[in-house]
Amino acid sequence: MLITKLKNQQELDRYFEKELFVFKCFGCKEVYFPEEEIGKLIIAKQSEVSGIAEVDYLCNDDFSKRYIEKNMNEIKKARGIVVFSCGVGVQVIAKLLEDKTVFPGCDTHYLNGFQGLTVLDCDCNQCGECYLNYTGGICPITSCSKSLLNGPCGGAKNKKCEVNPEMDCGWVLIYERLKKINKESILKDKNTLVRDFEKIIKGI
Amino acid sequence: MIDYTKYKIKTENELRTLLKDASDFIIIWCKKCYKAFEKDEDLEYEKIQHLSDISERIKGYEAIDFLCTRYLTEKKLSSVINSGYKEIGVISCGLGIQIVAKLVEDKGIRVIALADTIPQSGNATSVIGYHGIALGSEKCAGCGQCYLEITGGLCPVVDCAKSLLNGPCGGAKNEKCEVNPEKACVWIEAFKRIKKQERNLDSSVQIRDNNKFTVEEKEKISIFSASKRIENFYGGVHPFENKKITENLRIEKFKQPQYIYVFISQHTGSPASVCIKESDRVKLGQKIGEASGLISSPIHSPVAGRVVSIEEKFHPSISKNCPAIIIENDFSDEKDSSVKGYSEWETFSEEELVEIVKDRGIVGLGGAMFPTHVKLRKGKNPIDTLVINGCECEPYLNADNRMMIEYPEEIVEGIKITRKILSVENVIIGIENNKAEAIEKIRRATEGYGWITLKELKTKYPQGAEKMLIKTVMGRQVPECGLPLDVGVVVLNTGTVFSIFQAIVKGIPLIKRVITVSGLFEKPGNFEVLVGTPLKDIIDYCGGEKVFDKENYQLRMGGPMMGIIQNEFDTAVIKGTTGYILLSKNPVEISEENICIKCGRCVDVCPMELYPLYYVYYGKNQIWDRCAEYKVKSCIECGCCDYICSSKISIVSLIKKAKKNAYYKT
Amino acid sequence: MEKKSFSEKLKEGRFVITSEIGPPKGTNIEPHLKEADHIKEKVDAFNVTDLQSSVMRLGSLATCRLLVENGFEPIFQITCRDRNRLALQSDLLSASVLGIKNILCLTGDHTTLGDHPDAKPVFDLDAVSLLKVATDLMNGKDMKGNELDGKPEFFLGAVVSPGYDPVELQIIKMEKKIEAGARFFQTQAVYDLKIFEKFMQKIQKYNIPILGGIVLLKTAGMAKYMNEKVAGVSVPDKYIKMMADAKKEERPKVSIKIASELIKGMRGLCQGIHIMPLGWERYVPQVLEESGL
Chain V
1 MLITKLKNQQ ELDRYFEKEL FVFKCFGCKE VYFPEEEIGK LIIAKQSEVS
51 GIAEVDYLCN DDFSKRYIEK NMNEIKKARG IVVFSCGVGV QVIAKLLEDK
101 TVFPGCDTHY LNGFQGLTVL DCDCNQCGEC YLNYTGGICP ITSCSKSLLN
151 GPCGGAKNKK CEVNPEMDCG WVLIYERLKK INKESILKDK NTLVRDFEKI
201 IKGI
Chain S
1 MIDYTKYKIK TENELRTLLK DASDFIIIWC KKCYKAFEKD EDLEYEKIQH
51 LSDISERIKG YEAIDFLCTR YLTEKKLSSV INSGYKEIGV ISCGLGIQIV
101 AKLVEDKGIR VIALADTIPQ SGNATSVIGY HGIALGSEKC AGCGQCYLEI
151 TGGLCPVVDC AKSLLNGPCG GAKNEKCEVN PEKACVWIEA FKRIKKQERN
201 LDSSVQIRDN NKFTVEEKEK ISIFSASKRI ENFYGGVHPF ENKKITENLR
251 IEKFKQPQYI YVFISQHTGS PASVCIKESD RVKLGQKIGE ASGLISSPIH
301 SPVAGRVVSI EEKFHPSISK NCPAIIIEND FSDEKDSSVK GYSEWETFSE
351 EELVEIVKDR GIVGLGGAMF PTHVKLRKGK NPIDTLVING CECEPYLNAD
401 NRMMIEYPEE IVEGIKITRK ILSVENVIIG IENNKAEAIE KIRRATEGYG
451 WITLKELKTK YPQGAEKMLI KTVMGRQVPE CGLPLDVGVV VLNTGTVFSI
501 FQAIVKGIPL IKRVITVSGL FEKPGNFEVL VGTPLKDIID YCGGEKVFDK
551 ENYQLRMGGP MMGIIQNEFD TAVIKGTTGY ILLSKNPVEI SEENICIKCG
601 RCVDVCPMEL YPLYYVYYGK NQIWDRCAEY KVKSCIECGC CDYICSSKIS
651 IVSLIKKAKK NAYYKT
Chain F
1 MEKKSFSEKL KEGRFVITSE IGPPKGTNIE PHLKEADHIK EKVDAFNVTD
51 LQSSVMRLGS LATCRLLVEN GFEPIFQITC RDRNRLALQS DLLSASVLGI
101 KNILCLTGDH TTLGDHPDAK PVFDLDAVSL LKVATDLMNG KDMKGNELDG
151 KPEFFLGAVV SPGYDPVELQ IIKMEKKIEA GARFFQTQAV YDLKIFEKFM
201 QKIQKYNIPI LGGIVLLKTA GMAKYMNEKV AGVSVPDKYI KMMADAKKEE
251 RPKVSIKIAS ELIKGMRGLC QGIHIMPLGW ERYVPQVLEE SGL
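Chains as they are written, first to last, in UniProt numbering: chain V, 1 to 204; chain S, 1 to 666; chain F, 1 to 293.
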């Protein structure tokens with residue numbers, strides 16, 4: 001899942017020096033989107049807005065084409081386009097309107113559950129090499145701030161991560177899970193695990 | 001369309017090593033997501049099955065859709081968990097494996113990951129590449145500082161192998177990336193695009209801030225979103241409410257029309273049988289149609305006048321021509337002798353009261369129009385609680401809301417009558433917390449009644465569906481395909497108890513109701529209208545000429561979620577009309593033609609915990625018995641799946657077809 | 001008589017003493033070398049920290065070389081936070097040609113804890129895999145099995161945290177580190193001899209030298225802070241009280257007393273100590289004297 005947040009005011013002010021057409025994707029619905037803030041911003045910048053298209057699933061270029069067709073007159077007149085959506089939506093509009101400058105209105109942040117239906121408390125990092133067999137089914141890449149594969153660092157205090165004391169140390173969770181299922185022996189495996197980043201780069 | 005399947009089975013050697021020490025085990029596999037839904041079964045496990053040394057230890061397979069939906073997976077897994085195996089092999093992406101591992105940990109079961117997740121980013125510095133809901137080629141890494149303006153909308157973070165932000169490296173040969181000669185150098189592409197826009201490459205120096213969005217902030221948002229999903233009941237959606245338009249407008253008496261069209265089908269069940277004839281004179285409240293079966297209800301004349309004809313008119317909810325009684329109003333308001341109230345109702349027996357409710361043509365006013373007397377009759381199941389539904393969870397509508405604000409005493413009186421009929425002790429009123437004024441009014445009207453509980457509910461669609469409401473206010477689960485009766489509950493809408501009050505205390509049959517007219521009507525409002533008021537009168541009065549521009553606008557009877565699209569306007573208000581909403585048409589219309597990409601969002605929002613995507617797949621292929629296997633009968637047609645569908649498939653219309661055609665095994 | 005090296009002393013079973021130098025933020029290394037000079041005679045080797053606490057500083061490798069030139073024996077601390085596997089292997093080879101033998105392999109604090117929280121954390125390898133890589137290099141091969149032209153020789157060390165909870169998890173990882181090539185361990189600061197003793201009993205079977213960690217307490221506040229924030233550290237109440245009751249000018253004296261009490265206790269338990277003076281280098285000789293070393 002992705003979270004979108006409005007860009008900072010300075011950057012937005014810079015965009016709105018010229019007349020812009022606005023695409024506002026409330027997108028994957030039921031997913032975090034700064035609807036209210038964007039509404040306020042558009043009202044504040046009213047005089048620089050030449051038209052608005054409120055859409056969902058902007059990432060579907062089939063649909064986006066139809067929104068563009070419907071608003072073509074206003075888009076032609078506009079000196080640029082600002083898109084409030086995740087980075088995927090911005091890229092789709094930029095691809096469909098190559099001769100227009102497209103401004104991203106939001107910054108996109110990555111959040112747990114890349115392909116899950118909703119936000120989960122676990123995450124998959126698409127590393128290409130599932131390590132869950134060594135860790136009782138808790139991902140060391142995502143549940144450890146350092147993505148350590150061979151055991152914890154020494155930084156956990158009260159079983160919490162050194163980076164964020166709110167977060168459980170992934171390796172302590174792994175240890176506790178393995179104890180529960182009587183498979184602590186897995187931890188003692190002498191194989192030293194090393195990441196294979198080529199899998200990510202080549203997508204294999 | 002790009003196939004974003006997220007996992008692949010580990011290699012044979014890996015599998016052999018992994019399963020070396022495993023004893024007998026079973027395999028759970030996820031049926032994949034984010035790919036065109038062209039084939040139901042993708043038998044990944046066959047790749048393991050043919051390994052004879054392993055397959056003899058495999059004692060079973062279980063396919064589960066969207067293994068990452070923890071709530072549903074947990075329910076489906078219970079049989080597997082209790083099967084006694086100490087090892088479970090999982091074929092899924094990392095999410096599914098983690099979920100299963102978590103769910104079985106207390107049983108001491110070890111989960112074996114049999115698949116690797118396929119990386120999506122193709123990039124060394126940000127592992128993650130999110131592809132949006134639709135299956136396009138663009139990806140977003142969620143880096144937290146969108147650079148797309150600088151690069152003309154091509155992402156340097158995902159598409160440059162080195163994620164360079166300040167221009168290309170020197171490695172590109174023939175405009176191709178040094179890492180992958182198949183791939184165009186994104187910086188060269190960006191440069192070309194920027195030239196097309198007659199701009200220069202930005203000269204600023206960009207540096208990544210890798211700590212921009214803190215872990216704490218992320219956790220906060222993820223907890224917020226996750227808790228919102230399971231609030232009150234599983235699934236559901238939060239559409240834009242748009243209630244402000246009419247929320248503070250007092251109920252206005254709509255002017256009496258010259259002609260009235262009373263459809264003989266005003267309820268679920270068999271239509272009324274007409275008991276007057278053409279050119280008869282009728283009085284206000286006079287019965288003009290008799291109930292014609294067990295589940296049926298009589299109809300009454302809303303005005304005094306003369307029957308012009310009995311002819312076919314376009315029925316607004318059945319969506320085809322149906323007989324209607326056309327009455328010309330003489331505006332005398334001469335009442336029928338049967339219009340007689342009983343303020344001394346407390347002296348009546350339960351049976352007598354039900355008979356009056358039946359005789360006065362009371363049906364459910366929430367939209368479903370189920371004859372109320374059937375619900376109130378004593379049956380086999382003991383009833384212990386009456387639940388009053390004041391949710392009105394459909395966007396735009398305010399009819400129930402205004403009734404609660406303006407007639408709280410009458411509603412409470414209606415509740416008292418119903419309570420006596422049902423001989424129940426407890427009454428619960430559920431109102432969504434977006435109706436503060438109604439809650440306050442009802443609270444005051446119920447003060448001093450210990451047997452009545454007012455519950456403020458978090459706003460979420462479809463909170464007003466009976467099954468969801470019962471679950472939220474009482475924690476009782478109505479069985480699949482069951483009725484509230486099965487758990488000892490009767491649910492009535494606030495409007496319905498108001499009309500019970502009207503019928504018994506004032507003697508007035510159900511000949512008028514309150515509707516909301518909203519959306520793009522020039523004069524929106526809440527109106528008390530006679531049943532049978534022609535739609536055209538309402539369009540005229542409320543400034544709705546736009547309805548005739550069918551290309552750009554759409555009229556719905558009811559709310560935007562469950563309301564029925566109206567394409568014929570020579571029709572009239574029926575007992576179940578909750579309102580008329582005029583909306584501008586979306587350039588992308590929902591249709592049955594689009595292709596499902598298995599994004600799973602319909603599963604995520606279905607409050608009945610169904611898998612709507614299968615109704616699409618099997619519905620289109622007309623394999624109706626499979627729809628039945630996926631329990632299409634349980635669907636309440638709330639429209640959440642239509643609302644959320646990322647491919648804009650008209651799922652509910654396919655469901656309606658499936659319900660008609662599916663063979664039900666008992 | 002030729003001076004014995006740190007590794008030889010450990011092999012002979014001598015009770016060894018190591019201390020540490022934190023390179024400055026800037027180029028002014030002189031005062032640090034001078035501080036070290038004070039205790040040169042007492043200390044067998046000096047750890048040089050690698051951007052300690054993720055704060056950008058002068059590099060560990062260069063400082064180690066300066067120590068060699070000044071006649072000290074350094075222990076090169078190398079973390080996985082800032083270098084990928086190419087840089088790590090290369091720096092290990094560099095260390096070798098610069099006359100640095102002792103290597104302490106660490107994962108490293110996370111970038112967000114230091115003064116450049118916006119930096120990209122690397123963590124391509126971790127402490128275990130780094131030890132293994134260093135061992136491979138000693139065997140004349142790089143990580144991918146390519147032949148090296150001239151192989152380095154290292155004395156590899158690692159760290160362990162006796163006060164960590166659950167300690168079993170630390171021990172499992174410690175075992176992996178030994179397997180990967182660690183020949184000595186230095187520990188996180190120890191304040192509770194009972195916990196330390198239990199830990200030592202558990203790891204006795206590995207028969208590997210352990211250097212108990214000593215951090216001089218400066219104030220009661222520091223002790224409380226460490227109890228609250230620092231992983232694997234718990235200062236017993238009695239020491240906190242001793243520090244709290246001491247007047248400002250008496251604090252070093254009390255602190256020395258505590259440290260020497262701990263060191264005396266450790267002498268029978270482990271093979272050496274590692275003193276982290278954190279700016280109080282000047283008191284180290286006194287600590288060692290009072291401990292009878």
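Note that the Cβ used here is the ideal one computed from N, Cα and C, for glycine as well.
Q: In the DSSP assignment, find the alpha helix (DSSP H) that holds Asn13 (chain S) and state where it starts and stops.
A: Glu12 to Leu18
Q.
Per DSSP, what are the beta-bridge partners of Lys455 (chain S) in this structure?
A. S:Gly430
(Q) Please tell me whether Ser161 (chain F) has its Cβ less than 8 Å away from any Cβ of chain V. (A) yes
Q. Do the region 448-460 of chain S and the region 534-550 of chain S meet, that is, are 3 or more Cβ pairs less than 8 Å apart?
A. no
Q) Mind pulling the chain A residues with CB within less than 7 Å of Thr112 (chain F)? A) Although the question refers to chain A, the structure presented lacks it and instead comprises the protein chains V, S and F.
Q: Check whether the Cβ atoms of Gln91 (chain V) and Glu138 (chain S) lie closer than 8 Å to each other.
A: yes
Q.
Pop quiz: Gly89 (chain V) and Leu41 (chain V) are said to be a contact at Cβ under 8 Å. What is the actual Cβ separation, rounded to whole angstroms?
A. The Cβ separation is near 17 Å, so there is no contact.
(Q) By alpha-carbon positions, which one of S:Asp202, S:Val505 and S:Val427 ends up nearest to Lys340 (chain S)? (A) S:Val505
(Q) According to DSSP, is Ile383 (chain S) part of a helix, a strand, or is it coil? (A) coil
(Q) Counting beta carbon pairs with one atom in the region 611-627 of chain S and one in the region 7-18 of chain F, are three or more of them shorter than 8 Å? (A) no
Q | CB contact check: Lys656 (chain S) to chain V, cutoff 8 Å | A | no
Q) Candidates F:Ser60, F:Pro117 and F:Leu113: which alpha carbon is nearest Ser94 (chain F)'s? A) F:Ser60
Q: Compare the C-beta of Cys153 (chain V) with all C-beta atoms of chain F and state if any pair is closer than 8 Å.
A: yes
(Q) For Asp118 (chain F), would you say it is in contact with chain S, using Cβ-to-Cβ distances shorter than 8 Å as the test? (A) yes
Q.
Quick check on Ile118 (chain S) - is its C-beta less than 8 Å from some C-beta in chain V?
A. yes
Q: Along the alpha helix (DSSP H) that carries Trp624 (chain S), what are the first and last residues, could you check?
A: Trp624 to Glu629
Q) Mind listing which residues of the region 227-244 of chain F have their C-beta closer than 9 Å to chain V's C-betas, in chain order? A) Glu228, Lys229, Val230, Ala231, Gly232 and Val233
Q: Using a cut-off of 8 Å between C-beta atoms, extract the partners of Thr192 (chain V) located in chain S.
A: By Cβ distance, chain S contributes nothing, its closest Cβ being about 16 Å from Thr192 (chain V), past 8 Å.
Q: Name, in chain order, the residues that DSSP records as bridge partners for Val16 (chain F).
A: F:Gly272
**Q.** Straight-line Cα distance separating Ser297 (chain S) from Ser338 (chain S)
**A.** 16 Å
**Q.** Spatial neighbours of Lys20 (chain S) in its chain, beta-carbon cut-off 6 Å, leaving aside the 5 residues before and after
**A.** none
**Q.** Between the CA atoms of Ser145 (chain V) and Ile9 (chain S) - distance to the nearest angstrom
**A.** 27 Å
Q | Anticipated Cβ contact below 8 Å, Ala272 (chain S) with Ile310 (chain S), distance rounded | A | Incorrect: roughly 12 Å between the Cβ atoms, too far for contact.
Q: Just the chain F side, please: which residues come within less than 8 Å of Arg208 (chain S) by C-beta, in chain order?
A: Asp118 and Lys120
Q. Among residues of its own chain, excluding the 5 on either side of Lys18 (chain V), which ones have a beta-carbon nearer than 6 Å to its beta-carbon?
A. Arg79 and Gly80
Q.
So that I know if they touch, is there some Cβ in chain S lying closer than 8 Å to that of Asn133 (chain V)?
A. yes
Q. Going along chain F, which residues have a C-beta under 8 Å from Ser143 (chain V)?
A. Going along chain F, no residue has its Cβ under 8 Å from Ser143 (chain V), so there is no contact; the nearest lies around 14 Å.
Q: Give the residues of chain V in contact with Val111 (chain S), contact being defined as C-beta atoms less than 8 Å apart.
A: Leu132, Gly136 and Gly137
(Q) So, at 8 Å on beta carbons, what are the nonlocal neighbours of Thr69 (chain S) in its own chain, with the 5 sequence-adjacent residues on each side left out? (A) Gly600, Val603 and Asp604
Q) Using the C-alpha atoms, what's the distance from Leu156 (chain F) back to Leu278 (chain F)? A) 24 Å
Q: Measuring only between beta-carbons, confirm whether Pro209 (chain F) sits less than 8 Å from chain V.
A: no
Q.
Strictly below 7 Å CB to CB, what residues from chain S border Gly87 (chain V)?
A. Cys140, Cys146, Leu148 and Cys155
Q | Assumed close pair Ser499 (chain S), Leu485 (chain S) - CB separation to whole angstroms, cut-off 8 Å | A | Actually they do not touch by this definition, with Cβ atoms about 21 Å apart.
Q. Taking the alpha-carbon positions, what's the Ala124 (chain S) to Pro140 (chain V) distance?
A. Low confidence applies to Ala124 (chain S): its pLDDT is 48, below 50, so where it sits in the model is not reliable, and the reading given next is rough at best. Their Cα atoms are separated by approximately 19 Å.
Q | Rounded C-alpha distance that separates Glu344 (chain S) from Pro479 (chain S) | A | 39 Å
Q. Taking Cys25 (chain V) as the reference, which of V:Cys161, V:Lys188, V:Val55 and V:Glu129 has the closest Cα?
A. V:Val55
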